[in-house]
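Visitor: Handing you a structure now.
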Amino acid sequence: MIIEIDGQYHNHEETYKLDLIREQELEKYDLTIIRFTELEVRKDMFNVLRTIEQHIEKFKNNEVDHTSYPFQEGSRIS
Numbered sequence: 628m629i630i631e632i633d634g635q636y637h638n639h640e641e642t643y644k645l646d647l648i649r650e651q652e653l654e655k656y657d658l659t660i661i662r663f664t665e666l667e668v669r670k671d672m673f674n675v676l677r678t679i680e681q682h683i684e685k686f687k688n689n690e691v692d693h694t695s696y697p698f699q700e701g702s703r704i705s
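Going by this note's numbering, the sequence shown opens with residue 628, and the numbers climb by one from there.
Dropping the structure here:
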């Protein structure tokens, strides 16, 4: 499992595209990527930790999602 915290620079199209390429490479190794924004980590740590715990439980039960954007519904570009 990989946990990433995205800063404001992730709102740029070029950064988004580079991240997608990197994610595709990591997924080849069966790695799960969980993303949070910097703001989510600063303002809502309880839910960030709860989401991480939920993913750990999924791993234990072999119910794995490869890429997850817990609070952002999969979109980093505004």
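Backbone N, C-alpha and C fix where the C-beta goes; we use that ideal spot for every residue, glycine too.
By Cβ distance, which residues of its chain are closer than 8 Å to Leu647, with the 5 residues on each side in sequence left out?
Guide: Excluding residues within five positions, none has a Cβ falling inside 8 Å.
Visitor: May I ask you to report which of helix, strand or coil DSSP gives Asp657?
Guide: Three-state DSSP puts Asp657 in coil, outside helix and strand.
Visitor: For Arg662, count neighbouring C-beta atoms within 10 Å of its own C-beta (all shown protein chains included) and say buried if the count is 16 or more, exposed if not.
Guide: Answer is buried; the Cβ neighbour count reaches 16.
Visitor: Does any C-beta atom of chain B lie closer than 8 Å to the C-beta of Leu647?
Guide: The chain labelled as chain B is not found in the depicted structure, where only one protein chain is given.
Visitor: In the structure shown, what three-state DSSP assignment does Asp633 receive?
Guide: Of the three classes helix, strand and coil, the one that applies to Asp633 here is strand, per DSSP.
Visitor: Mind checking who Phe663 pairs with in its DSSP beta bridge?
Guide: Beta-bridge pairing links Phe663 to Ile632.
Visitor: Can you have a look at His682 and say buried or exposed, based on whether 16 or more other CB atoms are within 10 angstroms of its CB?
Guide: Its Cβ being crowded by 16 or more others within 10 Å, His682 is buried.
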